[in-house]
Amino acid sequence: TVLHMAYDNRHLASFVVSDPIRETTAEAVQLLHASGFRLAMITGDAAPTAQAIAEQLGIDSVEAEVMPDGKVAAIERLQSAGKVAFVGDGINDAPALAKSDVGIAIGSATDIAIESAEVVLLSGDLRKVAAAIHLSRATMRNIRQNLFWAFAYNSALIPVAAGLLFPF
Numbered sequence: 003t004v005l006h007m008a009y010d011n012r013h014l015a016s017f018v019v020s021d022p023i024r025e026t027t028a029e030a031v032q033l034l035h036a037s038g039f040r041l042a043m044i045t046g047d048a049a050p051t052a053q054a055i056a057e058q059l060g061i062d063s064v065e066a067e068v069m070p071d072g073k074v075a076a077i078e079r080l081q082s083a084g085k086v087a088f089v090g091d092g093i094n095d096a097p098a099l100a101k102s103d104v105g106i107a108i109g110s111a112t113d114i115a116i117e118s119a120e121v122v123l124l125s126g127d128l129r130k131v132a133a134a135i136h137l138s139r140a141t142m143r144n145i146r147q148n149l150f151w152a153f154a155y156n157s158a159l160i161p162v163a164a165g166l167l168f169p170f
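Counted from 1, the sequence shown has number 156 at position 154 by this note's numbering; the numbering is strictly sequential.
This is the structure:
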């Protein structure tokens, strides 16, 4: 973000200010892309800043200068193409966390963001989002396998329990 300093209608200086991108964010984006996800950044930040960060990280699409109600509208647009997970941490993210199919609050999220999310990650490390998705998929795979084997076992042994082998 560029800040300008002026005095008496005279430009004195310009400053460029930025928050550093966390060291782990680029890796998190790569992990999520490798898992087949398309990533969108929906932010209240200025468009040039958001676009520069998105290009640097390889984020697929950007919606910038968005107010909280605009984040909900963006989630709704994205949901027309499929399921949407939203990652956020602030009070401005709470409506989008609630509207998304899966809301993920991260780091030192505000209380309202935590209440609005289905998943709360205690760390601000975005790699944990990919790890949580991987863990969720493995858990669902395990549940499906357990249901299959329980059904197969019961289907095979109900006739035995009913006395099929009694004559022998």
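Backbone N, C-alpha and C fix where the C-beta goes; we use that ideal spot for every residue, glycine too.
All figures in this text were calculated on a predicted structure; none of them were measured in a lab.
Between Ile114 and the set Leu123, Asp127, Ile93, the nearest pair of CA atoms involves Ile93. With a 10 Å radius around the Cβ and a threshold of 16 neighbouring Cβ atoms, Pro97 comes out buried. Note on Ala30: 16 or more other CB atoms within 10 angstroms of its CB, so buried under the neighbour-count rule. A Cβ-Cβ contact shorter than 7 Å links Val64 with Met43. Rounded to whole angstroms, the Cβ separation of Thr45 and Ala66 is 6 Å, and the two are in contact under 8 Å. Check the Cα spacing between Pro70 and each of Ile61, Gly90, Leu59, Lys85: the tightest is with Gly90.
Considering only Val4, Ala36, Ala8, Ile135, the residue with the shortest C-alpha distance to Asp21 is Val4.
For Gly105, the secondary structure class from DSSP, reduced to helix, strand or coil, is strand. When the five nearest sequence neighbours on each side are left out, the beta carbons in the same chain lying within less than 8 Å of the beta carbon of Arg24 are those of Gly126, Asp127, Leu128, in order along the chain.
Take Val122, set aside five residues on each side of it, and the residues of its chain with a beta-carbon closer than 6 Å to its own are Ala107, Ile116, in chain order. By the C-beta density criterion, Val19 is exposed, having fewer than 16 other C-beta atoms within 10 angstroms. Counting only unbroken stretches of 3 or more residues, the beta strand (DSSP E) elements lying wholly within the region 26-108 are 42-44, 63-65, 87-90, 104-108, in sequence order. Residues of the same chain with their beta carbon placed closer than 6 Å to that of Ala83 are lacking, with the five preceding and five following residues left out of the count. Val162: member of the alpha helix (DSSP H) spanning 129-163, first to last residue. Contact between Ala87 and Val74 fails: their C-beta atoms lie close to 15 Å from each other, not under 8 Å.
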